[in-house]
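Take a look at the structure below.
Here it is, written out as structure tokens:
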């Protein structure tokens, strides 16, 4: 995913304060999630820069399968810094041992039903590749059971968007259980 693709697909208006809190990664095509269970992201405000841009704490939590012991909780922490060109564009930098790693991202699909004084209820984010993961897209919702029209709207949005049409291929639902079956969006969407 090029920087130009991320810039072109990211929404023009975005309020980072409405994005704070817990998000469930409901659907994705990032290869990092194929063998993980119930991935979530929690955003909180880290600080505001002198030019008004916001930095968000980014805590990713999931269950990862470990040899001989089964699934165990794991997490990745970092900070998303809002970029100056668009309020929906961010650069992630890891914390601790991951501080040398960065990636680019942008919010591409944002809740347009909730009033502006309330938190977003769904968003989608596009990512550049890292050493640990392919580039791709996450659809995140506040609950693991969002209204059906959210998924349908997202699928239609991806089909109609010139950049996302090919970039959203092979998106699948993240798993809640340790089963081997992965459900792909095209199999579950309701037309």
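In the UniProt record's numbering, the protein residues as written are 1 to 191. Virtual Cβ for every residue (Gly too), placed ideally from N, Cα, C.
| Item | Value |
| --- | --- |
| Please say whether residue 20 and residue 3 have beta carbons closer to each other than 8 Å? | no |
| Helix, strand or coil, according to DSSP, for residue 52 in the structure here? | coil |
| Going by the CB atoms, is the gap between residue 36 and residue 17 shorter than 8 Å? | no |
| In the DSSP assignment, find the alpha helix (DSSP H) that holds residue 93 and state where it starts and stops. | Counting along the chain, residue 93 falls outside any alpha helix (DSSP H), though it belongs to the beta strand (DSSP E) covering 89-94. |
| Looking at the strands, I want to know which residues DSSP matches up with residue 61. | 40, 75 |
| Would residue 14 be called buried (16 or more neighbouring beta carbons within 10 Å of its own) or exposed? | buried |
| On the criterion of 16 or more Cβ atoms from any shown chain inside 10 Å, does residue 12 qualify as buried, or is it exposed? | exposed |
| In terms of residue numbering, what span does the alpha helix (DSSP H) encompassing residue 128 cover? | Premise fails: residue 128 is in no alpha helix (DSSP H) and is neither H nor E. |
| Taking only runs of the alpha helix (DSSP H) that begin and end inside the region 141-166, which ones reach a length of at least 4 residues, in chain order? | 148-160 |
| Would you decide whether residue 132 is buried or exposed? Buried here means 16 or more other CB atoms lie within 10 Å of its CB. | exposed |
| Quick check: is the beta carbon of residue 64 nearer than 8 Å to any beta carbon in chain B? | Checking the listed chains, one finds no chain B in this structure; it contains a single protein chain. |
| Across which residues does DSSP place residue 24 in a beta bridge pair? | 40, 141 |
| Report, in whole angstroms, the separation of the C-beta atoms of residue 124 and residue 138, which I expect to be a contact under 8 Å. | 7 Å |
| So does the region 54-62 actually touch the region 70-88, counting three or more Cβ pairs closer than 8 Å? | yes |
| Is it buried or exposed for residue 104, if we count other Cβ within 10 angstroms and need 16 for buried? | buried |
| According to DSSP, is residue 31 helix, strand or coil? | helix |
| Are there 16 or more other CB atoms within 10 angstroms of the CB of residue 39, so buried, or fewer, so exposed? | buried |
| Mapping the DSSP letters down to three states, classify residue 7 as helix, strand or coil. | helix |
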